[in-house]
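> Residue numbers (this note's numbering): 38 to 126.
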Amino acid sequence: TTALLTSVIENIAQVTTPGTATKTGALDFTELIAAVTAGPLFQYSGSLTTPPCAEGLTFLVLEKPMALDVRTFNTLKSVIKFNARYSQS
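#1: Say whether the segment 39-48 touches the segment 66-86, bearing in mind that this needs 3 or more beta-carbon pairs closer than 8 Å, one atom from each stretch.
#2: For V98, which residues does DSSP report across the bridge?
#3: Considering T43, what are the terminal residues of the alpha helix (DSSP H) in which it resides?
#4: Nearest to G62 by alpha carbon, out of K114, N48, L94, P102?
#5: Just confirm the distance between the C-beta atoms of I46 and T112, as a whole number of angstroms; I'd bet it's less than 8 Å.
#6: If you follow the alpha helix (DSSP H) that I117 is part of, which residue opens it and which one closes it?
#7: Determine the closest residue to T43 out of T54, T59, L64, with distance taken between C-alpha atoms.
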């Protein structure tokens with residue numbers, strides 16, 4: 038898991054209801070920027086995977102996946118809850 042995601046999930050417990058906000062402090066995008074600039078990167082058009090499933094989004098996908106530990110995945114999934122792309126969620 039990247040330092041960026043670690044910083045984000047450390048504050049998730051403070052965001053308990055929709056519309057809630059919290060301060061996270063500085064976020065370090067170094068690993069994400071390095072992965073994107075190293076490429077290759079694929080681009081495709083699609084829609085949100087959660088209601089209202091609005092179209093017109095551009096997805097950027099790295100050929101080489103970035104590491105994500107189980108704790109981080111489960112924490113993020115607990116917040117997102119529903120995803121229309123169930124087989125990939």
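The C-beta atom is built at its ideal place from N, Cα and C for all residues, glycine as well.
According to the structure data:
#1: A contact is defined here as three or more CB-CB pairs under 8 Å, and the segment 39-48 meets this definition with respect to the segment 66-86.
#2: V98 is bridged to F79.
#3: Where T43 is concerned, the enclosing alpha helix (DSSP H) stretches over 40-46.
#4: Out of K114, N48, L94, P102, N48 has the C-alpha closest to the C-alpha of G62.
#5: Confirmed, Cβ separation roughly 5 Å.
#6: Per DSSP, I117 belongs to the alpha helix (DSSP H) from 107-117.
#7: The option with the nearest alpha carbon to T43 is L64.
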